[in-house]
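Asker: First residue of the sequence shown? That's 1 in UniProt numbering, and the numbers climb one at a time after it.
By construction, the Cβ of each residue, glycine as well, lies at the ideal position given by its N, Cα and C atoms.
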Amino acid sequence: MQWQASPTLQLQQLKQQKSKKHLQIAKTLFRTLIKRTSKASQTMVKKLVFKPACMVWEHLPFPGRALLIFWACALVGLSLLFATSPHIPTHRNNLITTIKHQPSLLSQIPHKEIIKPPSSPTLAEIQKSNKTPLAIVLEGFGFSEALSQDVLSEVPTPVAVNVSPYIDNIHDVIAQAQAANREIYITLPLQNSSPEYDNKQPHMLGYGNTPKDDLHELAWCLSQARGASGLTDAYGTKDEQSRGGYATTPDFLPIAKIIEEHKLLYLSSSPNTISHIKGMTVSQWMDGDTDPATLDQDFSQLSSLSTPTPYKLLMISPLTPLALEKLKIWLNSPEAKKFTLVPPSTLAEIK
Numbered sequence: 001m002q003w004q005a006s007p008t009l010q011l012q013q014l015k016q017q018k019s020k021k022h023l024q025i026a027k028t029l030f031r032t033l034i035k036r037t038s039k040a041s042q043t044m045v046k047k048l049v050f051k052p053a054c055m056v057w058e059h060l061p062f063p064g065r066a067l068l069i070f071w072a073c074a075l076v077g078l079s080l081l082f083a084t085s086p087h088i089p090t091h092r093n094n095l096i097t098t099i100k101h102q103p104s105l106l107s108q109i110p111h112k113e114i115i116k117p118p119s120s121p122t123l124a125e126i127q128k129s130n131k132t133p134l135a136i137v138l139e140g141f142g143f144s145e146a147l148s149q150d151v152l153s154e155v156p157t158p159v160a161v162n163v164s165p166y167i168d169n170i171h172d173v174i175a176q177a178q179a180a181n182r183e184i185y186i187t188l189p190l191q192n193s194s195p196e197y198d199n200k201q202p203h204m205l206g207y208g209n210t211p212k213d214d215l216h217e218l219a220w221c222l223s224q225a226r227g228a229s230g231l232t233d234a235y236g237t238k239d240e241q242s243r244g245g246y247a248t249t250p251d252f253l254p255i256a257k258i259i260e261e262h263k264l265l266y267l268s269s270s271p272n273t274i275s276h277i278k279g280m281t282v283s284q285w286m287d288g289d290t291d292p293a294t295l296d297q298d299f300s301q302l303s304s305l306s307t308p309t310p311y312k313l314l315m316i317s318p319l320t321p322l323a324l325e326k327l328k329i330w331l332n333s334p335e336a337k338k339f340t341l342v343p344p345s346t347l348a349e350i351k
């Protein structure tokens with residue numbers, strides 16, 4: 001007859017077996033943790049952690065052991081997760097890698113063919129009509145959404161717009177003007193040679209810059225001008241146009257060459273621009289931020305004022321509701337019939 005242990009003894013033996021099994025699991029987990037530590041700390045871990053832990057383990061009830069096993073597994077899992085995670089480079093390292101492996105900023109900016117608005121007459125056709133070609137550019141387009149929409153919907157298509165490269169939604173503004181068949185000229189920020197004017201705006205080219213600085217700022221401006229017809233240094237009032245002096249220096253030639261390579265026109269504030277680039281020159285200026293009587297007088301004198309060119313290219317700066325209203329009235333007046341309204345690109349020539 002085979003001897004059988006009593007139920008009480010069997011229960012004790014089962015508990016002892018479970019205890020040994022749990023102890024073995026705990027030892028394995030602790031050994032795993034010890035292996036992940038440095039050799040210098042393994043002896044200390046065994047002496048201060050492992051032996052006392054084994055003593056505590058033998059006196060712990062079953063729920064306590066289960067809880068310890070759970071947290072030990074969680075700790076090991078987290079350590080393995082962090083150990084196997086790939087190294088994520090910092091922003092600085094990523095930026096350095098990008099700069100090293102990317103081509104020049106200027107080479108990434110797409111070239112663009114100039115597209116004239118539909119049904120634009122040629123200079124030869126205008127000359128046969130004995131009328132004077134007139135191009136108009138409105139400076140400050142895009143600052144006011146309501147005013148910009150009025151320009152697109154109420155002003156004839158040949159009237160072009162000038163947009164600051166600093167506005168936040170510049171690409172949306174360019175897209176809206178393009179959809180309306182408008183020519184768009186983006187301001188090329190040039191430092192002014194006159195000390196009374198502020199030269200502290202970002203991304204300015206010109207006096208005080210190294211050639212490398214100018215190329216970097218030009219790359220930024222070209223990225224802002226994607227989809228535009230050209231660039232211009234003609235902005236602000238006529239009295240502020242001493243900034244155009246930089247475009248008359250030999251230092252401007254490399255900049256002009258890059259602008260030409262991107263198939264952009266250049267609307268200049270000075271007839272003496274040494275650029276050898278296809279473009280136009282502003283011949284007359286009109287202050288848009290003045291009183292109604294002055295605006296009426298300026299428009300009435302538009303045909304009588306002489307210009308050094310066989311055409312007139314009028315820059316209205318800045319664009320205001322009053323200036324826009326006076327422009328619409330004048331375009332419908334008998335005086336305007338002396339002119340043929342054309343987009344600025346019609347007047348482009350190699351300077």
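Name, in chain order, the residues that DSSP records as bridge partners for TRP285.
Answerer: Note: TRP285 sits in a beta bridge opposite MET315.
Asker: Just to confirm, are LEU205 and LEU231 a CB contact at a threshold of 7 Å?
Answerer: For LEU205 and LEU231, no; Cβs fall outside 7 Å.
Asker: So if DSSP puts ASN162 in a beta bridge, which residue, or which two residues, is it bridged to?
Answerer: BP columns for ASN162 point to GLU139, TYR185.
Asker: Pick helix, strand or coil for LYS278, following the three-state DSSP scheme.
Answerer: LYS278 falls in the strand class under three-state DSSP.
Asker: Let's test the definition: count the other Cβ atoms within 10 Å of the Cβ of ILE329 and tell me whether it reaches 16, buried, or not, exposed.
Answerer: ILE329 should be labelled exposed.
Asker: With DSSP collapsed to three states, give me the class of TYR266.
Answerer: Looking at TYR266 - three-state DSSP - the assignment turns out to be strand.
Asker: Going by C-alpha to C-alpha distance, which of GLU325, GLY245, GLN224 sits closest to HIS171?
Answerer: Closest option to HIS171, Cα to Cα, is GLN224.
Asker: Looking at ILE167: is its Cβ nearer than 7 Å to the Cβ of ALA228?
Answerer: No.
Asker: Quick one, which of LEU267, TYR185, GLY208, ALA177 has its alpha-carbon nearest GLN191's?
Answerer: Closest by alpha carbon: GLY208.
Asker: Our contact map puts MET315 next to ALA247 with C-beta atoms below 8 Å; I'd like the distance itself, whole angstroms only.
Answerer: Contact flag wrong, Cβ pair sits at about 15 Å.
Asker: Under the three-state reduction of DSSP, which class applies to LEU305: helix, strand or coil?
Answerer: If DSSP states are grouped into helix, strand and coil, LEU305 belongs with coil.
Asker: Which stretch, first to last residue, makes up the beta strand (DSSP E) that contains LEU215?
Answerer: Note, LEU215: premise wrong, no beta strand (DSSP E); alpha helix (DSSP H) at 211-224.
Asker: Could you name the residues of the same chain whose beta carbon sits closer than 8 Å to that of PRO292, not counting the 5 residues immediately before and after it, in chain order?
Answerer: Same-chain partners within the cutoff: LEU322, LYS326.
Asker: For PRO61, which three-state DSSP category applies?
Answerer: DSSP places PRO61 in coil when its eight states are reduced to three.
Asker: Excluding the five sequence neighbours on either side, which residues of its own chain have a C-beta within less than 8 Å of the C-beta of GLU349, listed in chain order?
Answerer: Correct list, in chain order: LYS278, GLY279, MET280.
Asker: Who are the near neighbours of PRO156 in its chain, counting only those whose CB is closer than 8 Å to its CB and skipping five residues on each side?
Answerer: Excluding positions up to five away in sequence, the list reads LEU331, LEU341.
Asker: Take GLU154 and list the residues in its own chain whose beta-carbon comes closer than 7 Å to its own, dropping the five residues that flank it on each side.
Answerer: So the list reads LYS328, once near-sequence residues are dropped.
Asker: Counting C-beta neighbours from all protein chains within 10 Å, is the total for CYS221 16 or more, i.e. buried, or is it exposed?
Answerer: So CYS221 ends up on the buried side.
Asker: Could you tell me the boundaries of the alpha helix (DSSP H) in which PHE299 lies?
Answerer: Start and end: 292-300.
Asker: Would you call the CB atoms of PHE141 and VAL161 closer than 7 Å?
Answerer: Their beta carbons are under 7 Å apart, which means PHE141 touches VAL161 by this criterion.
Asker: Below 7 Å between beta carbons: does that hold for TYR185 and LEU267?
Answerer: Going by C-beta atoms, TYR185 is nearer than 7 Å to LEU267.
Asker: Within 10 angstroms of the Cβ of LEU134, are there 16 or more other Cβ atoms? Answer buried if so, exposed if not.
Answerer: Buried, since its Cβ has 16 or more Cβ neighbours within 10 Å.
Asker: Taking the continuous beta strand (DSSP E) assigned at HIS341, which residues delimit it?
Answerer: The sequence given here has Leu at residue 341, not His. Run containing LEU341: 339-341, per the beta strand (DSSP E) assignment.
Asker: State the CB to CB distance for the pair LEU324 and ASP150, rounded to an integer number of angstroms; the pair is presumed to be in contact (CB under 8 Å).
Answerer: Right, their Cβ atoms sit about 6 Å apart.
Asker: Could you pull the DSSP bridge partners for GLU349 from this structure?
Answerer: Answer is GLY279.
Asker: Give me the Cβ distance between GLU183 and SER283, rounded to the nearest whole Å; I'm assuming they're in contact under 8 Å.
Answerer: With 8 Å as the limit, GLU183 and SER283 do not qualify as a contact, their Cβ atoms being about 17 Å apart.
Asker: Check whether the Cβ atoms of THR187 and PRO158 lie closer than 7 Å to each other.
Answerer: In this structure, PRO158 does not lie closer than 7 Å to THR187 by Cβ.
Asker: If I measure Cβ to Cβ from LYS131 and keep anything under 7 Å in the same chain, skipping five residues before and after, which residues do I get?
Answerer: Result list for LYS131: LYS338, PHE339, THR340, in chain order.
Asker: Where do the ends of the beta strand (DSSP E) carrying LEU231 lie?
Answerer: Residues 230-232.
Asker: For the candidate residues GLU260, ALA124, PRO211, whose alpha-carbon lies nearest to that of PRO250?
Answerer: Comparing Cα-Cα distances from PRO250 to each of GLU260, ALA124, PRO211, the minimum goes to PRO211.
Asker: Measure the C-alpha to C-alpha separation of GLN102 and LEU215 and round it to an integer number of angstroms.
Answerer: Here GLN102 scores only 41 on pLDDT, less than 50, and its place in the model should not be relied on; the value that follows carries that caveat. Rounded to the nearest angstrom, the two C-alpha atoms are 16 Å apart.
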